[in-house]
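Under this note's numbering, think of the first position of the sequence shown as 2, with each following residue one higher.
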Amino acid sequence: MFDDFVLPFLSELIAGYREMGYYIIKHTDGNIMPILEKLVSAGPHAIHSLDPQGGVDIAKAKSLVGKKVCLIGNVNCSLMQTGTDEDVIASAKYALESGMPGGGYVFSTSNCIYTGMDLRRYELMLDVWRKYGNQVF
């Protein structure tokens, strides 16, 4: 169904914006792994938000399409709200270690920051980025 009802129109829309000189970031939610390569074939410059809560593994996504499109996200927002500090650190480090090699990755959360999330958790994620974000993995 995606091939018939979404992909042709998405491809046409993205092509039109590219022709006008825009950069296109395709936002997604949930488990996009079954259609990731098809989404990339539509021609966006980047795919956001790479939801680990939905089953998207940044390492697998990077190996499948990392040379074709920029990947954005994968730090688990749910863990930032309900997990431990260690969970947040591990999620942030995994996103960096898996997304950064070879370039084409923007460090970010897996989606929006939830209402009521402790700002300290967001700062913790940024601390991981400050510490490890310039390393070569």
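Every residue, glycine too, gets a C-beta built ideally from N, C-alpha and C.
Opposing strand residues paired with residue i [DSSP bridges]
i          : result
residue 51 : Answer by DSSP bridge pairing: none, since residue 51 is not bridged.
residue 73 : 49 and 107
residue 27 : 48
Proximity below 8 Å, CB of residue i to CB of residue j
i          : j           : result
residue 73 : residue 99  : no
residue 30 : residue 135 : no
residue 71 : residue 107 : yes
residue 53 : residue 77  : yes
residue 11 : residue 43  : yes
residue 75 : residue 55  : no
Span of the alpha helix (DSSP H), counted from its first residue to its last, around residue i
i           : result
residue 63  : 59-66
residue 116 : Counting along the chain, residue 116 falls outside any alpha helix (DSSP H), and DSSP gives it neither H nor E.
residue 43  : Element bounds for residue 43: n/a, residue is neither H nor E.
residue 17  : 8-20
residue 34  : Where residue 34 is concerned, there is no enclosing alpha helix (DSSP H), given that its DSSP letter is neither H nor E.
Which listed residue (the options) has its alpha carbon closest to that of residue i
i           : options             : result
residue 79  : 71, 43 and 92       : 92
residue 131 : 86, 52, 94 and 63   : 94
residue 68  : 11, 47 and 17       : 47
residue 86  : 61, 97, 126 and 109 : 126
Close-in-space but distant-in-sequence residues of the same chain around residue i (CB under 8 Å, 5 per side omitted)
i          : result
residue 39 : 3, 4 and 8
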